[in-house]
Amino acid sequence: MTDLIDKRPNFYGFSGLDRSAHIREREGWLDEVLDRPDTMLVLVWRTRSFVLEIDGTPPRAAMLAVTEHRHLVPLAESVAFLGEFDGVAHVALDLSPLEETDILNTLAAHGAFTDLRRIGPLLERFDGSLLAYARGLMWWHQRHRFCGVCGHPTVSVKGGHQRSCSNQTCRAPHFPRTDPAVIMLVHDGERCLLGRQKIWPEGMYSTLAGFVEPGETLEEAVAREVWEESGIRVRDVRYHSSQPWPFPSSLMLGFHATAKSFDIVRNDDELGDAQWYTVEDLAGFESHGKFLPRRDSIARRLVQDWVESVRPELYEAVDRVPSAYPVRTT
Ligand SMILES: [Zn+2]
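Counting from 1, position 328 in the sequence shown corresponds to residue 334 in the working numbering; the numbering is continuous, with no gaps.
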């Protein structure tokens, strides 16, 4: 799967899961899958994921065997086929209508519901990708219970990958949405432009980013966002890689871009600070109480790959700069 790109694969993607998109739409497919003895259930409760955390070991996705937990299926507000891994089907259940304490009364030995963004960097790739996918899809179901055309209730169809309006004169189909966002490392050959939002952990700096607007190319969105946030003009916008970021529904499209102006005019509404940093500056971040983006983010990948291209001898030093989030060590 990772031979799809010539770079290090971004986290939350490249799980190796076979989504079987060509067969999941078959009538009765979900029931068929739930009848298999080896099918695994992936639980979501509101915006949280079911995870097993034991002191001293990294957290992991707490998947449940359908054979032992079939009673949960009719309690779920939404059920969706996620895909197969090594022939084993994985099905997401949204248990949001239940009280958390009621669920955990019987399932506490298996795990607990937690915010994937808190523990994401500690997970194995497959677990991180699967939980992010389940969370994103269940969140979409939660927010599209009514038709945006006529206001009638919608029902989940096609293995949980579409909702259809129940009003027979409307019947509008609704598909899971993914919102494209551009994220870019702007550089001038020797320095890179990093900024921080006021709500971020103290000292954390990252690449600039923003949502793509209707009628706009990705390259235009990169140039516009950089201009709006920092007053910098860019040229030579080059695609790097992408990353699903379903918190709640983004697809991050990563770019490198070259600056053609250099005086920062910061938009106070968007950023709390923005500065040019050399690779040496980045390597010394920790001693100045600064952090780089979290290790499971494409932002960190954009920074690290730029460092490798201009000062490969400092790659390791920058790689050691902590993020303001936990790190997997085993
Ligand atoms: Zn409708």
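Where is the CB? At the ideal position from N, CA and C, for every residue including glycine.
Contact test: residue i Cβ vs ligand 1 heavy atom, cutoff 7 angstroms
{"i": "Val155", "result": "yes"}
{"i": "Cys198", "result": "no"}
{"i": "His158", "result": "yes"}
{"i": "Asn111", "result": "no"}
{"i": "Ala178", "result": "yes"}
{"i": "Asn16", "result": "no"}
{"i": "Asn273", "result": "no"}
Beta-ladder partner(s) of residue i, from DSSP
{"i": "Cys176", "result": "For Cys176, which the question treats as bridged, DSSP gives no partner whatsoever."}
{"i": "Thr120", "result": "Ser55"}
{"i": "Thr160", "result": "Cys171"}
{"i": "Ser303", "result": "None; Ser303 has no bridge partner."}
{"i": "Ile189", "result": "Ala215, Gly260"}
{"i": "Arg197", "result": "Thr284"}
{"i": "Pro250", "result": "Leu257"}
{"i": "Ala67", "result": "Val57"}
{"i": "Ser329", "result": "Leu298"}
{"i": "Ala86", "result": "Ala98"}
{"i": "Ala265", "result": "Val240"}
{"i": "Asp279", "result": "Arg202"}
Local conformation of residue i per DSSP, three classes
{"i": "Ile205", "result": "coil"}
{"i": "Thr73", "result": "helix"}
{"i": "Val218", "result": "coil"}
{"i": "Gly260", "result": "strand"}
{"i": "Tyr211", "result": "coil"}
{"i": "Ala323", "result": "helix"}
{"i": "Val309", "result": "helix"}
{"i": "Leu81", "result": "helix"}
{"i": "Leu298", "result": "strand"}
{"i": "Asp9", "result": "helix"}
{"i": "Arg317", "result": "coil"}
{"i": "Arg244", "result": "strand"}
{"i": "Val155", "result": "coil"}
{"i": "Val271", "result": "coil"}
{"i": "Arg230", "result": "helix"}
{"i": "Gly166", "result": "helix"}
Exercise. Would you call the region 282 to 289 and the region 220 to 234 in contact, with 3 or more CB pairs under 8 angstroms?
Worked result: no
Exercise. Taking one C-beta from the region 243 to 253 and one from the region 131 to 147 each time, how about it: are there three or more such pairs within less than 8 angstroms?
Worked result: In short, these stretches touch, since the Cβ pair count reaches three.
Problem set entry | Every unbroken alpha helix (DSSP H) within the region 88 to 151, with a cutoff of 4 residues, ordered by chain | 106 to 113, 122 to 125, 131 to 149
For this session: At 4 residues or longer, and completely inside the region 21 to 54: list those alpha helix (DSSP H) runs for me, N to C.
Result: 35 to 40
For this session: Give a yes or no on contact between the region 261 to 268 and the region 184 to 192, applying the rule of three or more CB pairs nearer than 8 angstroms.
Result: yes
Exercise. Would you call the region 119 to 134 and the region 293 to 303 touching, i.e. three or more CB-CB distances under 8 angstroms?
Worked result: yes
Exercise. Can you find at least 3 beta carbon pairs, one from the region 36 to 45 and one from the region 61 to 76, that sit closer than 8 angstroms?
Worked result: yes
For this session: Kindly confirm or deny that the region 51 to 65 and the region 121 to 128 touch, where touching means at least three C-beta pairs closer than 8 angstroms.
Result: yes
Problem set entry | Inter-stretch contact (C-beta, 8 angstroms, three-pair minimum) for the region 22 to 40 and the region 158 to 165 | yes
For this session: Give a yes or no on contact between the region 16 to 36 and the region 103 to 111, applying the rule of three or more CB pairs nearer than 8 angstroms.
Result: No: fewer than three Cβ pairs fall under 8 angstroms.
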